[in-house]
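K.L.:
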Amino acid sequence: DIQMTQSPSSLSASVGDRVTITCRASQSISTYLNWYQQKQGKAPKVLIYAASSLQSGVPSRFTGSGSGTDFTLSISSLQAEDFATYYCQQSYSTPRTFGQGTKVEMK
Amino acid sequence: QVQLVQSGSELKKPGASVKVSCKASGYTFTSYAINWLRQAPGQGLEWMGWINTNTGIPTYAQGFTGRFVFSLDTSVSTAYLQISSLKAEDTAVYSCARDTYYYDTSGYKYYFDYWGQGTLVTVSS
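Chains as they are written, first to last, in our numbering: chain A, 443 to 549; chain B, 119 to 243.
(1) Taking a Cβ distance cut-off of 7 Å, strictly less, list which residues of the segment 500-524 of chain A are near chain B, in chain order.
(2) Compute the beta-carbon to beta-carbon distance between residue 214(B) and residue 165(B), rounded to the nearest angstrom, for a pair I have assumed lies under 8 Å.
(3) Specify the secondary structure class of residue 546(A) as computed by DSSP and reduced to three states.
(4) Check each residue of the segment 173-195 of chain B: if its Cβ is closer than 8 Å to any Cβ of chain A, include it; give the result in chain order.
(5) What span of residues does the beta strand (DSSP E) with residue 170(B) cover, start to end?
(6) Taking only beta-carbon positions, decide if residue 387(A) is within less than 8 Å of chain B.
(7) Return helix, strand or coil for residue 504(A), following the three-state DSSP convention.
(8) Please compile the residues from chain A whose C-beta is within a distance smaller than 7 Å of the C-beta of residue 231(B).
(9) What's the C-alpha gap between residue 139(B) and residue 195(B)?
(10) Please go through the same chain and pick out, in chain order, the residues whose beta-carbon is closer than 6 Å to the beta-carbon of residue 92(B), but skip the five residues on each side of it.
(11) Excluding sequence positions up to five away, which residues of its chain have a Cβ less than 7 Å from the Cβ of residue 474(A)?
(12) Does residue 208(B) have its Cβ less than 8 Å from a Cβ in chain A?
(13) Can you tell me the Cα-Cα spacing of residue 137(B) and residue 237(B), whole angstroms?
(14) Whose C-beta lies closer than 6 Å to the C-beta of residue 527(A) among residues of the same chain, with five residues either side of it excluded?
(15) Could you tell me which uninterrupted beta strand (DSSP E) segments, each at least 3 residues in length, are contained entirely in the segment 173-221 of chain B, listed from first to last along the chain?
(16) Please tell me whether residue 528(A) has its Cβ less than 8 Å away from any Cβ of chain B.
(17) In chain order, what residues of the same chain have a beta carbon less than 8 Å from the beta carbon of residue 171(B), not counting five sequence neighbours either side?
(18) Counting only Cβ pairs nearer than 7 Å, list the residues of chain B close to residue 543(A).
(19) Our contact map puts residue 239(B) next to residue 131(B) with C-beta atoms below 8 Å; I'd like the distance itself, whole angstroms only.
(20) What's the call for residue 175(B), buried or exposed, on a 16-neighbour Cβ count within 10 Å?
(21) Using C-beta distances below 7 Å, list every residue in its chain close to residue 227(B), excluding the 5 sequence neighbours before and after it, in chain order.
(22) Would you kindly work out how many angstroms separate the C-alpha atoms of residue 119(B) and residue 515(A), rounded to a whole number?
(23) I think residue 489(A) touches residue 497(A), with their Cβ atoms under 8 Å apart; what is that distance to the nearest whole Å?
Spelled out as C-alpha cells, the structure:
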C-alpha cells in the first residue's frame, strides 16, 4: 500500500495568513493526488484533484502543486471559513489511501 | 443537483448486523461508481472499497473482507453497506462517495466529488 504522510499534523494561523500543508507519498504517484477539506461533523469536500486542478466552486486562494512524491496545498490568505482539517489522498493505486490529516486552527 | 443521502444513525449491540443506505439523485446512478469510507471517532479517513454501479461488482480493501458487503438497488438509485457480526471497533461514521475522474495524458485520475452526509454506527452493549 502507498503511505501518505502529511505535515504538520496541526497548525495555528490567523485570518490573512498564508498556509502551506505538505503531503509525501511513499512511492511516486505522478499527479494522482487529491486534497479534501473536512469541517467538524461534516462530509469532506474536494478542493484540488490531479495535484493542481481546482474543483469547480472552490475559491482561488487554494492551490495545489507537486508531482512524484511531494505535494503541497497552499491557502494564500486564510479566511475564517478555512479552519478545518485537510487530507491528501492518492488515487494512483488501490487501496486509495489518505494522509492522517492536518488540522488548521485559529491562533 | 447531485445528492447522496444516507440513512440515519444506528445503535447496535455486538454481534448484530447493520445496513446503511446511500440514495443518489440528480444524476444517472449507473454512470458513476460508489465508494465507501470509514472514519472512526477522532480519526482520519479510511477507504473501504467501491462498487461498480453498472455491474454490481464490489471491490473491498484489505481489512474489509468477510463481514462487509456492498450492494445496490439500481431501481431506486441506492447503494448499501451491510456489516455483520458487529464489534465495538466498528463504531465509526460510514460515508458513501461518488467517484469521478479527470483525464489527462498520464491517465484517468479519480477523485470523490460528492459525498453522503455520513452515518454514525455505534456498537455498544
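All C-beta atoms, glycine included, are put in the ideal place defined by N, C-alpha and C.
P.N.:
On the basis of the coordinates in this document:
(1) none
(2) Not really, about 12 Å apart at Cβ, beyond 8 Å.
(3) strand
(4) 177, 179, 180
(5) That residue, residue 170(B), is in no beta strand (DSSP E); it is neither H nor E in DSSP.
(6) With chain A running from 443 to 549 in the structure shown, residue 387(A) is simply not present.
(7) strand
(8) 488
(9) 10 Å
(10) There is simply no residue 92(B) to check, as chain B begins at 119 and stops at 243 in what is shown.
(11) 532, 533, 534
(12) no
(13) 10 Å
(14) 480, 543, 545
(15) 176-178, 186-191, 196-201
(16) no
(17) 147, 148, 149, 150, 151, 152, 190, 192, 197
(18) 162
(19) That belief does not hold up - the Cβ atoms of residue 239(B) and residue 131(B) are roughly 12 Å apart, past 8 Å.
(20) exposed
(21) 219, 220
(22) 28 Å
(23) 6 Å
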